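Per the working numbering, the very first residue in the sequence shown carries number 78; after that it's consecutive.
Note that beta-carbon positions come from the ideal geometry of N, C-alpha and C, so glycine has one too.
Given the structure is predicted, the values throughout are model-derived calculations rather than measurements.
Structure first, then comments.
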Amino acid sequence: MTTGLDLLAEGGTVTLTDGTEVPLRYSFRALALLEARFGSIQKVQDAIDSTGGGAAFGPLHQVIGAACVGPGGFEPHIREYQDAKGDRRIQDIVYRRRTDGADLADLLDPGRMNDYVAAFSSALSKALESRGNDQATAVAITDVTLPTPGPSSTTSPSVPSTFLPTPSGA
78 MTTGLDLLAE
88 GGTVTLTDGT
98 EVPLRYSFRA
108 LALLEARFGS
118 IQKVQDAIDS
128 TGGGAAFGPL
138 HQVIGAACVG
148 PGGFEPHIRE
158 YQDAKGDRRI
168 QDIVYRRRTD
178 GADLADLLDP
188 GRMNDYVAAF
198 SSALSKALES
208 RGNDQATAVA
218 ITDVTLPTPG
228 PSSTTSPSVP
238 STFLPTPSGA
């Protein structure tokens, strides 16, 4: 009986705004990054709000970014937050391309989000599917649909690319 992750399971590629095609692959490292950021794989899915009343783009950026680590050529840069009690939490993970330092968030095209969702859903499902025992794994990936922005939709203000948070303990 073998149940596990296929570390080579790719769900396809995503095309970035500069024309680069990046393969999506959820290795143990990628899944660990998502767990560190959200708490669990189920919470990753819960974080993506398809109702239009909450966040969708931020969590999708994190999900896509984790799959671009490794063969995709991106490296994670983790930003932590330390509360008054001294507890540290991951606030954000910025994914930078190794070759030129470009931020993945600047290379994702909002107009291609449905393509991105299909690619990451396929890659994550392949990585988490059960091997050799015809049983489903504990994590099920459901269809994710994105809201269509309407006249009442709002976005959060962007942070300048020169923004560098002050390191804790400095």
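Below 8 Å on the Cβ atoms is my guess for residue i versus residue j; work out the distance and round it to an integer in Å.
| i | j | result |
| --- | --- | --- |
| Arg173 | Asp180 | 6 Å |
| His138 | Leu185 | 6 Å |
| Arg102 | Pro148 | 6 Å |
Please work out which residues of its chain come closer than 6 Å, Cβ to Cβ, to residue i, disregarding the five sequence neighbours upstream and downstream, and give them in chain order.
| i | result |
| --- | --- |
| Ala143 | Ala107, Leu110, Leu111 |
| Arg166 | Tyr158 |
Here's a check: name, in chain order, each residue in its chain whose Cβ is nearer than 8 Å to the Cβ of residue i, leaving out the five neighbours to either side.
| i | result |
| --- | --- |
| Ile218 | In this predicted model, Ile218 has a pLDDT of only 48, less than 50, meaning its place in the structure is not dependable; the value taken from the coordinates is given anyway. The residues are Gln122, Ser198, Leu201, Ser202, Leu205. |
| Pro187 | Phe134 |
| Val140 | Leu111, Val121, Ile125, Phe197, Leu201 |
| Phe151 | Val99, Gly142, Cys145, Tyr172, Arg173, Arg174, Arg175, Leu181 |
| Tyr193 | Val91, Leu137, Ile141, Leu185 |
| Arg156 | Ile167, Gln168, Asp169, Ile170, Val171, Pro242 |
| Asp160 | Arg166 |
By alpha-carbon positions, which one of the options ends up nearest to residue i?
| i | options | result |
| --- | --- | --- |
| Gly135 | Arg102, Val91, Val171 | Val171 |
| Gly116 | Lys162, Gln168, Tyr193 | Gln168 |
If you check the beta carbons only, do residue i and residue j fall under 8 Å apart?
| i | j | result |
| --- | --- | --- |
| Ala195 | Thr90 | no |
Going by other Cβ atoms of all chains shown within 10 Å of its Cβ, with 16 needed for buried, is residue i buried or exposed?
| i | result |
| --- | --- |
| Asp95 | exposed |
| Ser104 | buried |
Spatial neighbours of residue i within its chain, please: CB distance less than 7 Å, with the 5 preceding and 5 following residues excluded, ordered by chain position.
| i | result |
| --- | --- |
| Thr92 | Glu98, Arg189 |
| Gly178 | none |
Kindly examine the ligand FMN and report whether one of its heavy atoms sits closer than 7 Å to the Cβ of residue i.
| i | result |
| --- | --- |
| Lys162 | As for the ligand FMN, it is missing from this structure, which has no ligand bound. |
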